[in-house]
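Structure first, then comments.
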Amino acid sequence: MRNLVGHQLGGYRLLELINGTLQPSPEGPDRVGSPLGAEVYKATDPSGQVLVAIKVFSPSAYRDPGALERLRVSLHRVSQLNHPGIPPILGSGTIQGRPYIVMPYLGAGSLANRYASGLAWALNPGQLLDEVSSVLDHAHKHGVMHGDLKPTSVLFDEES
Numbered sequence: 123m124r125n126l127v128g129h130q131l132g133g134y135r136l137l138e139l140i141n142g143t144l145q146p147s148p149e150g151p152d153r154v155g156s157p158l159g160a161e162v163y164k165a166t167d168p169s170g171q172v173l174v175a176i177k178v179f180s181p182s183a184y185r186d187p188g189a190l191e192r193l194r195v196s197l198h199r200v201s202q203l204n205h206p207g208i209p210p211i212l213g214s215g216t217i218q219g220r221p222y223i224v225m226p227y228l229g230a231g232s233l234a235n236r237y238a239s240g241l242a243w244a245l246n247p248g249q250l251l252d253e254v255s256s257v258l259d260h261a262h263k264h265g266v267m268h269g270d271l272k273p274t275s276v277l278f279d280e281e282s
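Spelled out as structure tokens, the structure:
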């Protein structure tokens with residue numbers, strides 16, 4: 123997939139790739155490779171004042187109309203979830219065959235960042251497990267499965 127840093131997407135300006143790999147993909151040296159078929163970019167809203175995160179899905183993963191429809195249904199279900207541990211979907215769309223969603227930017231990083239920087243010691247493991255379990259329980263009760271839970275998927279906001 124093409125690295126979209128510096129591009130406009132639905133009025134948002136993509137500032138940096140924050141989750142994905144910058145390794146060359148089979149499509150060429152200016153492409154971004156991602157094992158999940160998606161990249162997450164830090165971006166600014168049209169006013170330039172609010173930071174957001176934009177997850178851009180791979181067009182190759184959703185060429186099949188059935189896969190694209192499953193993604194739409196899944197994202198609709200996620201947008202209906204109301205839980206303090208689940209960031210809302212602020213917008214979505216498709217550009218050049220690539221579906222994307224817009225979410226609040228959670229700038230305090232991920233659980234993986236905390237481990238890599240040596241800050242994991244400051245976490246209360248029981249509280250973290252309770253919070254993640256609460257989020258997953260809520261999602262599962264509404265028919266939403268995460269499907270790829272890992273330390274990079276557990277994000278912190280500035281208050282946590």
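Every position in the sequence shown, counted from 1, becomes a number in the working numbering once 122 is added. For glycine and all other residues, C-beta sits at the position ideal for the given N, C-alpha and C. Note that the structure is a prediction, hence the values are computed from the model and not measured.
### Query
Terminal residues of the continuous alpha helix (DSSP H) containing residue 163?
By 1-based counting over the sequence shown, the position of residue 163 is 41. Careful: residue 163 lies outside any alpha helix (DSSP H), inside the beta strand (DSSP E) at 160–166.
### Message
Less than 6 Å between C-beta atoms, sequence neighbours within five positions excluded: which residues of the same chain meet that for residue 226?
### Response
Here the question's residue 226 lines up with position 104 in the sequence shown. Around residue 226: 209.
### Query
When DSSP builds the beta bridges, which residues end up paired with residue 232?
For the purposes of this step, residue 232 is taken as residue 110 along the sequence shown, with counting starting at 1. Note: residue 232 sits in a beta bridge opposite 277.
### Query
Beta-carbon separation of residue 168 and residue 128 under 7 Å?
Taking the sequence shown and counting its residues from 1, one reaches residue 168 at position 46. Taking the sequence shown and counting its residues from 1, one reaches residue 128 at position 6. No. Outside cutoff.
### Query
Which same chain residues, not among the five before or five after residue 135, have their C-beta less than 7 Å away from its C-beta?
On the sequence shown, position 13 is the one that residue 135 refers to. Here the set comprises 165 and 166.
### Query
If residue 266 and residue 192 are in contact, beta carbons under 8 Å, what's the gap, nearest whole angstrom?
Along the sequence shown, one-based indexing puts residue 266 at 144. Along the sequence shown, one-based indexing puts residue 192 at 70. 12 Å between Cβ atoms; not a contact.
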